[in-house]
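Residue numbers (the numbering used here): 55 to 358.
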């Protein structure tokens, strides 16, 4: 056989022995669930968190750092939680804020005043304190001990509001106590003049509803006459006792969760959402944990 023909036959035999391999398929190579979310959406989320937690937008350096951390963690819930938790509790010095922790607790203090006493400024509260305290001093000089005690007590109630910011931050009081202080003073009384308005406002502010006829009648007697009545299965005979009861009910805890949803998502919490959070909150009174769970959600982040 000629050499050229032999070479051609060998080539054909080699060619026929070659088999095309099947493509390799990696069955466990799943795409990260947030891989396709653009950076601008991530930065919108970071911006929203900073505003809701600290009351300001992030600095450029903060935005850059947070973006890298979140994206390198594939926008995981754990990474989001760590960011929100840091902004609430980190006490390292931060220019303009003193610390993230200081800025956050100032924000929740101001938000609580906005909810309950129409956002009265600390300057205004100090003016009211000085007014009552000055009158108490004048009463003591004049020997008017009845009015002295009354004005001194009103001054102390205003002072308790002002003190609540740092005491709440230091975990010396709960948010329940902060709310009681903001509702048991002359400023709240001026906003909600007379017993009729006070009772309705206290229910609406805490429970997002007005009292039933039976609830109103009991509350009215307690506040107006300082006489004992049963409300929510407990006895109260004055405003302080009444507010203590209102801020310890399951409905009050639900109201805190509903307020968190309204302030952070701009909508009412669904029944299942309240159910998921209320058991822990009843035990811990931890508003921060409620807020964190909302702020790490895909809905809040805009990742859904």
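Note that beta-carbon positions come from the ideal geometry of N, C-alpha and C, so glycine has one too.
With H, G and I counted as helix, E and B as strand and the rest as coil, what does DSSP make of residue 229?
helix
Does the beta-carbon of residue 31 have 16 or more other beta-carbons within 10 angstroms, so that it is buried, or is it exposed?
Given that the chain is displayed from residue 55 to residue 358, the structure contains no residue 31 and the question cannot be resolved.
Cβ distance (whole Å) where residue 269 is taken to contact residue 285 below 8 Å:
6 Å
If I measure Cβ to Cβ from residue 345 and keep anything under 6 Å in the same chain, skipping five residues before and after, which residues do I get?
314
With a threshold of 6 Å on Cβ separation, who are the neighbours of residue 296 within its own chain once the five nearest residues in sequence on each side are excluded?
276, 290
Residue nearest to residue 15 in terms of C-alpha spacing, selected from 211, 358, 293:
Since the first and last residues shown for the chain are 55 and 358, residue 15 lies out of range.
Give the range of the beta strand (DSSP E) segment to which residue 290 is assigned.
288–290
Going straight from the alpha carbon of residue 244 to that of residue 262, what length do you get?
20 Å
Identify, in the order they occur along the chain, each residue of the same chain with its Cβ nearer than 8 Å to the Cβ of residue 310, setting aside the five sequence neighbours on each side.
229, 335, 341, 344
So, for residue 11: in the same chain, excluding its five sequence neighbours on each side, which residues have a beta-carbon less than 8 Å away from its beta-carbon?
For the chain, the structure presents residues 55 to 358; residue 11 sits outside this window and is missing.
Given a cut-off of 8 Å on the beta-carbon distance, is the pair residue 117 and residue 100 in contact?
yes
Do the CB positions of residue 331 and residue 301 come within less than 8 Å of each other?
no
Relative to the C-alpha of residue 190, which candidate in 200, 183, 280, 206 has its C-alpha closest?
206
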